[in-house]
Structure formats: C-alpha cells, structure tokens
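So the working numbering is basically just the index in the sequence shown, starting at one, shifted up by 10.
To start, the structure under review is shown below, and the notes come after it.
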Amino acid sequence: MRHFLHENKSLHEVQDEAPLTPFIACIGNPYQMDPVCTVLVEKVPFEPMIPLNDAIHTWFLSFYIFSLVYPEECCATLEFIQRALLSINPNDKGTKMAKRHGKRV
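Next comes the structure, spelled out in structure tokens:
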C-alpha cells in the first residue's frame, strides 16, 4: 500500500515492483515530518509529487474513480474507514470488498 523509496532506488524501479492496486510511493526518510509522495494506479503515477496527506486522500478516492475493490488483506479496515469515518455508505448491495464464493457455515 505504501513504499518509501531508498536513495538508491528510482521511481521507475518502484513502478516495476508495484502492485496493480493503488499504491503510495514516498520519497525520503519514512520518519521525516512531511515526505513527498505519488500515487501509482496499475503501476502508472496518478499524480505528481504531493504531500502524504494528499496522497492518502488520492489513494482512497482512486478505488472509486477506477471502480476497484479493496485489497483483501485490508478490505475490512478500509470498509470501516469508508463507512464509519468518512460516511460513504453505498446502497445495501454496494461494497468495495471482493465477493466471497462458496458456502458460509
């Protein structure tokens, strides 16, 4: 979801390794107060270098802009943020979680 670029790694190298899902790449020290970031969607930079808080906002909205489902490893957390904190509540049928196949026990 987020990757800090090391001094010896370029943005192009991170693009090659990035997942297809929306991804935040930050340049600089992960402990600095305001790192400069970009959002990659399907390995393509979506925005120029922006502050981390703008990158998080763009990252979250990119799931809606491109009609993507949340990554499986964090879908419940992102669904909670969407509904409880941001008050984005889709219709009863709508969700950004991947559909589960099979029977529930």
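Where is the CB? At the ideal position from N, CA and C, for every residue including glycine.
Under a 10 Å Cβ-count criterion, P58 is classified as exposed, with fewer than 16 other Cβ atoms of the shown protein chains found around its own Cβ. Taking 8 Å as the cut-off, the beta carbon of C84 is found no closer than this to the beta carbon of L62.
For I34, the closest alpha carbon among the candidates E82, S72, V79 and F90 is that of S72. Across the structure, T68 and V49 are spaced so that their CA atoms are roughly 7 Å apart. Secondary structure at T68: helix, using DSSP grouped into helix, strand and coil.
For S77, the closest C-alpha among the options D26, L21 and E52 is that of E52.
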